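Novice:
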Amino acid sequence: VTSQPEVVLPTADQITGMMRTQPSLFWSQLAHTALLDDVIDLVQQEVDVMRATAKHASPPGKAADSLCRVALQLQLGEQIAARIRTRHFQQNALQHEMDRKRRMETPYPTTL
1 VTSQPEVVLP
11 TADQITGMMR
21 TQPSLFWSQL
31 AHTALLDDVI
41 DLVQQEVDVM
51 RATAKHASPP
61 GKAADSLCRV
71 ALQLQLGEQI
81 AARIRTRHFQ
91 QNALQHEMDR
101 KRRMETPYPT
111 TL
């Protein structure tokens with residue numbers, strides 16, 4: 001009877017170390033072992049948890065810190081700033097339109 005060679009599986013520390021020092025190799029090995037989609041789904045699930053926590057926690061604390069680190073790592077600063085500016089202009093335009101309609105509906109005084 002021949003025995004199977006012992007398979008040595010990586011520890012969490014080894015995985016973390018590889019992610020830090022050899023990210024390309026890490027992701028290519030995940031793709032090779034058909035785990036790429038599973039790991040990306042895991043990352044996405046954790047981001048969804050952070051989103052829910054940030055929305056409902058007061059203050060959002062750790063979720064806010066984690067989301068900021070993710071956004072910074074993905075270099076989303078310019079895109080976030082653009083969305084903030086767009087939202088500001090949309091809200092101002094809406095307020096301006098509401099004010100204009102209110103002025104049109106207000107009867108003018110007949111005497112001075």
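When we follow full-length UniProt numbering, the leftmost residue of the sequence shown carries the number 1, and every step to the right adds one.
Even for Gly, the Cβ is constructed at its ideal location relative to N, Cα and C.
Since the model is a prediction, treat every value here as computed from it, not as a measurement.
Under the rule that 16 or more other beta-carbon atoms within 10 Å means buried, what is A63, buried or exposed?
Specialist: Within the sequence shown, numbered from 1, the residue matching residue 63 stands at position 63. Per the 10 Å Cβ criterion, buried.
Novice: Ordered along the chain, which non-local residues of its own chain (more than five positions away) have a Cβ less than 7 Å from that of F26?
Specialist: Numbered from 1 along the sequence shown, position 26 holds the residue referred to as residue 26. For F26, where only same-chain residues beyond five positions count, the Cβ hits under 7 Å are M18 and M19.
Novice: In angstroms with no decimal places, state the Cα-to-Cα distance between A54 and L35.
Specialist: The residue labelled residue 54 in the question sits at position 54 within the sequence shown. The residue labelled residue 35 in the question sits at position 35 within the sequence shown. If I take the Cα positions, the gap works out to 29 Å.
Novice: Give me the residue from E97, I15 and V47 with the minimum Cα distance to L30.
Specialist: As a first step, residue 30 must be located in the sequence shown, where it is residue number 30. With distances taken between Cα atoms, L30 lies closest to I15.
Novice: Leaving out five residues before and five after V39 in sequence, what residues of the same chain have Cβ atoms less than 6 Å from its Cβ?
Specialist: The residue you call residue 39 lines up with position 39 of the sequence shown. For V39, where only same-chain residues beyond five positions count, the Cβ hits under 6 Å are L30.
Novice: Are the CB atoms of M50 and L76 nearer to each other than 8 Å?
Specialist: For the purposes of this step, residue 50 is taken as the residue at position 50 of the sequence shown. For the purposes of this step, residue 76 is taken as the residue at position 76 of the sequence shown. No, the pair does not count as a contact, with Cβ atoms beyond the cut-off.
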